[in-house]
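In what follows, a structure is listed as structure tokens, so that the remarks can point back to it.
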Amino acid sequence: MIESTEGLVLVSNGKYQFPAEIIFKILEFQFHQLLQNTTSPISRNTQYFLRSNLPVCKVFYRCVVKIVYRYCVFKTPHTFDNFLHSIMNRERLGEYVKVLDFQEFTSIGLGRTGKMNKEIQMVTSTTILECLKRTPNLVEFLASENIKDDLDTTLLEHLFNETKHLRAVDFCGCSGEIFGSNFANVIIKKPGMENITDLSFHDCTDLPSWVLEKVLINLPNLKKLDLTHTQITSKNLQKIPHSAQLTHLNLSYCIQLTTRELISFFINHPAVTGHHLVWLSLQCDNSTNTTLSNNQLTFLLKMLDCDFHYLNLGGLDVSNENLTLIKKKFVNLKSLGLANCDFNQQQIIELLSPPLNDDGEYYQKLCFLDLTNNRSITRWTMDNPAFLNCSSSLVAFEFNMKLITDIESIGGELIYRKGSAKPVIWKTFDSGGRRGWLFKVGPLNEDNTSRIGIIEYDIETGEKIFPILKLPDFLKYVNKKISMSRGVLGTADETFGDIERGIYKYYGMKM
Numbered sequence: 265m266i267e268s269t270e271g272l273v274l275v276s277n278g279k280y281q282f283p284a285e286i287i288f289k290i291l292e293f294q295f296h297q298l299l300q301n302t303t304s305p306i307s308r309n310t311q312y313f314l315r316s317n318l319p320v321c322k323v324f325y326r327c328v329v330k331i332v333y334r335y336c337v338f339k340t341p342h343t344f345d346n347f348l349h350s351i352m353n354r355e356r357l358g359e360y361v362k363v364l365d366f367q368e369f370t371s372i373g374l375g376r377t378g379k380m381n382k383e384i385q386m387v388t389s390t391t392i393l394e395c396l397k398r399t400p401n402l403v404e405f406l407a408s409e410n411i412k413d414d415l416d417t418t419l420l421e422h423l424f425n426e427t428k429h430l431r432a433v434d435f436c437g438c439s440g441e442i443f444g445s446n447f448a449n450v451i452i453k454k455p456g457m458e459n460i461t462d463l464s465f466h467d468c469t470d471l472p473s474w475v476l477e478k479v480l481i482n483l484p485n486l487k488k489l490d491l492t493h494t495q496i497t498s499k500n501l502q503k504i505p506h507s508a509q510l511t512h513l514n515l516s517y518c519i520q521l522t523t524r525e526l527i528s529f530f531i532n533h534p535a536v537t538g539h540h541l542v543w544l545s546l547q548c549d550n551s552t553n554t555t556l557s558n559n560q561l562t563f564l565l566k567m568l569d570c571d572f573h574y575l576n577l578g579g580l581d582v583s584n585e586n587l588t589l590i591k592k593k594f595v596n597l598k599s600l601g602l603a604n605c606d607f608n609q610q611q612i613i614e615l616l617s618p619p620l621n622d623d624g625e626y627y628q629k630l631c632f633l634d635l636t637n638n639r640s641i642t643r644w645t646m647d648n649p650a651f652l653n654c655s656s657s658l659v660a661f662e663f664n665m666k667l668i669t670d671i672e673s674i675g676g677e678l679i680y681r682k683g684s685a686k687p688v689i690w691k692t693f694d695s696g697g698r699r700g701w702l703f704k705v706g707p708l709n710e711d712n713t714s715r716i717g718i719i720e721y722d723i724e725t726g727e728k729i730f731p732i733l734k735l736p737d738f739l740k741y742v743n744k745k746i747s748m749s750r751g752v753l754g755t756a757d758e759t760f761g762d763i764e765r766g767i768y769k770y771y772g773m774k775m
């Protein structure tokens with residue numbers, strides 16, 4: 265019951281109502297709460313939000329439409345087709361759009377052949393270009409391999425030359441002859457796209473190095489750059505504008521990089537020497553010759569003037585001396601990747617344990633450590649309580665799937681008790697057989713796996729309950745792909761980003 269009408273608006277029927285701005289904020293908060301349900305698809309959460317609020321009144325309708333149209337997710341051609349028709353019929357709707365998200369998009373299924381997919385004209389270069397023209401305030405364009413052949417030269421030139429508010433572009437998984445040819449013909453107008461700060465060519469394997477260079481030299485304000493598994497060369501990296509201030513850089517599996525030029529880039533290029541870099545991946549395939557030897561890696565780690573929060577050195581020749589250097593130098597490090605590196609259990613305990621002679625709080629507090637394929641870590645060495653409990657800050661390990669399977673065979677959890685203190689529970693978590701983790705159950709990493717997919721009903725009303733279940737928070741540390749999006753709500757972690765979905769999740773979570 266409202267006891268005061270101060271701040272309320274008197275409407276024509278003599279009743280008071282909240283100003284539309286306050287209603288908008290309330291609905292925005294409700295939408296935020298619903299999307300905390302990260303175990304359920306965004307589309308399902310959004311549908312629940314629409315059904316609950318859209319029919320209430322005209323003010324609710326306008327607020328809900330504005331909230332939902334800011335972040336547009338497309339899972340099927342029909343979804344995109346309906347969206348395009350809506351912004352063509354009501355021009356104002358296109359002005360609300362900030363994000364076009366194709367990371368979950370697929371046209372496969374329902375017994376369609378490749379020929380049938382080509383005949384379906386709902387999602388083509390023409391319709392996507394029409395969509396871009398009708399969304400003048402677009403901030404993020406998240407493409408995927410499922411629309412790669414529809415990204416023609418005209419569309420790409422519009423994306424890089426005409427979208428004045430565009431901040432982030434992601435071409436994750438886009439490759440092939442058609443995509444490469446279209447990109448090769450793109451002409452980017454000078455002085456370049458000053459507004460684009462985040463760019464991903466993650467797993468764009470077929471783009472020639474000169475095409476990548478052509479794009480990079482025209483992005484003077486670049487901050488996030490993902491070049492995983494591309495043909496980028498060290499000389500191409502040198503062409504990045506000196507005005508760029510890279511905070512995130514992913515050079516995983518870039519086999520064209522040469523050691524001398526790569527070290528020179530990290531030591532001399534203004535884009536990475538300004539103490540801005542917080543996320544770096546140099547992961548490589550250790551079955552082939554690595555880019556950096558141990559001596560070269562040691563030299564590079566000593567010379568880097570960075571405040572890393574994420575560092576992935578998987579596959580490189582990392583020594584115990586390197587671990588000591590990493591622990592002392594990068595005190596704000598939260599996620600460390602050491603896949604395919606061999607350290608004994610005691611060396612790992614020393615890395616994770618707080619310093620004995622330091623009375624202060626200022627020391628490295630890792631949250632995640634990747635120990636995939638470490639031969640010293642087995643099911644039996646896991647029984648050492650000093651290993652899992654040597655660090656109070658650590659919330660998750662990554663191990664190979666055999667070890668995770670072995671733990672799951674005995675119940676999927678390890679419980680450690682110390683005196684009368686509350687027992688510490690470590691649970692297994694896997695991503696469909698590709699990667700597996702052991703995480704510490706806590707307030708931010710709840711064990712919701714047993715409740716996912718269960719339908720619950722209110723015993724009194726019989727109505728279906730819409731539970732808010734979150735995926736474990738540690739998953740933000742394990743992503744091997746740089747997240748280019750600020751998330752549905754624009755509140756994603758600046759360093760680690762949102763938990764990604766669809767094909768982005770596949771690339772970010774694969775080995």
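Counting from 265, one number per residue, gives the positions in the sequence shown under my numbering.
C-beta: ideal position from N, C-alpha, C; glycine also.
With the cut-off set at 7 Å, would you say residue i and residue j are in Cβ contact?
i	j	result
tyrosine 517	histidine 539	no
asparagine 485	isoleucine 452	no
aspartate 670	arginine 643	yes
asparagine 709	proline 736	yes
aspartate 490	histidine 466	yes
glutamate 394	alanine 432	no
cysteine 327	isoleucine 286	no
glutamate 477	asparagine 500	yes
threonine 645	isoleucine 668	no
aspartate 434	methionine 748	yes
isoleucine 442	serine 473	no
isoleucine 746	histidine 429	no
valine 361	cysteine 336	yes
serine 498	leucine 471	no
Taking the alpha carbon of residue i as the point to measure from, which residue in the options has its own alpha carbon closest?
i	options	result
glycine 676	Ala650, Pro649, Phe405, Asp711	Asp711
leucine 658	Ser640, Pro619, Phe703	Phe703
leucine 402	Leu364, Pro534, Ser747, Lys745	Leu364
phenylalanine 324	His342, Tyr312, Ile290	Ile290
isoleucine 689	Ile679, Phe563, Ser695	Ile679
aspartate 549	Pro618, Gln367, Asn446, Asn637	Asn637
phenylalanine 369	Lys774, Tyr768, Met773	Tyr768
isoleucine 460	Ile442, Gly578, Val479	Val479
serine 583	Thr340, Leu565, Leu630, Leu348	Leu565
isoleucine 519	Lys503, Leu556, Thr725, His512	Leu556
proline 305	Leu733, Lys591, Lys428	Leu733
isoleucine 531	His512, Thr552, Leu635, Gln502	Gln502
leucine 580	Leu546, Phe572, Thr588	Leu546
glutamine 789	Asn586, Leu597, Gln628	The requested residue 789 does not occur in the structure, where the chain is confined to residues 265 to 775.
glycine 601	Gln385, Thr343, Lys339, Glu662	Glu662
Assuming residue i and residue j are in contact, meaning their beta carbons sit under 8 Å apart, how far apart are those beta carbons, in whole angstroms?
i	j	result
alanine 660	tyrosine 741	7 Å
asparagine 251	leucine 318	Residue 251 is absent from the structure shown; the chain starts at 265 and stops at 775.
phenylalanine 366	asparagine 410	7 Å
leucine 510	leucine 463	In fact, because the Cβ distance is near 11 Å, the residues do not count as touching under 8 Å.
leucine 575	phenylalanine 563	That belief does not hold up - the Cβ atoms of leucine 575 and phenylalanine 563 are roughly 16 Å apart, past 8 Å.
asparagine 446	leucine 420	6 Å
glycine 696	aspartate 634	No, glycine 696 and aspartate 634 are not in contact; Cβ-Cβ is about 18 Å, not under 8 Å.
glutamine 609	phenylalanine 651	6 Å
Mapping DSSP to helix, strand and coil, what is residue i?
i	result
cysteine 336	strand
isoleucine 351	helix
glycine 444	helix
phenylalanine 761	The sequence given here places glycine at residue 761; phenylalanine does not occur at that position. Note: glycine 761 maps to strand in three-state DSSP.
glutamate 359	helix
valine 323	helix
lysine 769	helix
aspartate 413	helix
proline 283	coil
phenylalanine 738	coil
leucine 231	Any question about residue 231 goes unanswered here, given that the chain covers just 265 to 775.
leucine 708	coil
leucine 600	strand
glycine 375	In this prediction, glycine 375 scores a pLDDT of 49, lower than 50, which makes its location untrustworthy; the coordinate-derived value is nonetheless stated afterwards. Correct three-state label for glycine 375: coil.
isoleucine 519	coil
histidine 342	helix
methionine 567	helix
lysine 557	The question names lysine, yet the displayed sequence has serine at residue 557. Note: serine 557 maps to coil in three-state DSSP.
lysine 774	coil
Considering only DSSP beta bridges, list what residue i is partnered with.
i	result
serine 545	Asn514, Asn576
glutamate 316	Residue identity check: residue 316 is serine in the sequence provided, not glutamate. Note: serine 316 sits in no beta bridge, so no partner.
phenylalanine 703	Ala660, Lys691
tyrosine 680	Val688
glutamate 585	Answer is none; glutamate 585 lacks a bridge partner.
phenylalanine 405	Leu364, Val433
leucine 463	Val433, Leu489
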